[in-house]
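Undergrad:
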Amino acid sequence: MCNLKGDLFGGLTAAVVALPLALAFGVASGAGPIAGLYGAIAVG
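The sequence shown begins at 128 in this note's numbering and counts up one residue at a time.
#1: Buried or exposed: A141, going by 16 or more other Cβ atoms within 10 Å of its Cβ?
#2: CA-CA distance, G157 and G163?
#3: Can you give me the C-alpha to C-alpha distance between A149 and P160, rounded to a whole angstrom?
#4: Could you give the DSSP three-state label for A158: helix, strand or coil?
#5: Is the beta carbon of A169 sitting closer than 8 angstroms to the one on A145?
Next comes the structure, spelled out in structure tokens:
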């Protein structure tokens, strides 16, 4: 529990970085941004 604040901040930072990248991969592949988002969620 002592690292909860740092872990939450790290997870939020990773999500902020990964979201636009996933959307861009979806658009670049021609499948659309939603497909990129689903792919990022499925892969983790």
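Backbone N, C-alpha and C define an ideal beta-carbon position, used for all residues, glycine too.
TA: Put simply:
#1: By 1-based counting over the sequence shown, the position of residue 141 is 14. With fewer than 16 Cβ atoms within 10 Å of its Cβ, A141 is classed as exposed.
#2: Walking along the sequence shown from the start, residue 157 turns up at place 30. Walking along the sequence shown from the start, residue 163 turns up at place 36. If you take the alpha carbons of G157 and G163, they lie about 10 angstroms apart.
#3: Translated into positions along the sequence shown, residue 149 becomes position 22. Translated into positions along the sequence shown, residue 160 becomes position 33. Their backbone Cα atoms lie some 8 angstroms apart in a straight line.
#4: Your numbering for residue 158 matches position 31 in the sequence shown. Coil, per DSSP.
#5: The residue given as residue 169 occupies position 42 in the sequence shown. The residue given as residue 145 occupies position 18 in the sequence shown. Not a contact, by the Cβ cut-off of 8 angstroms.
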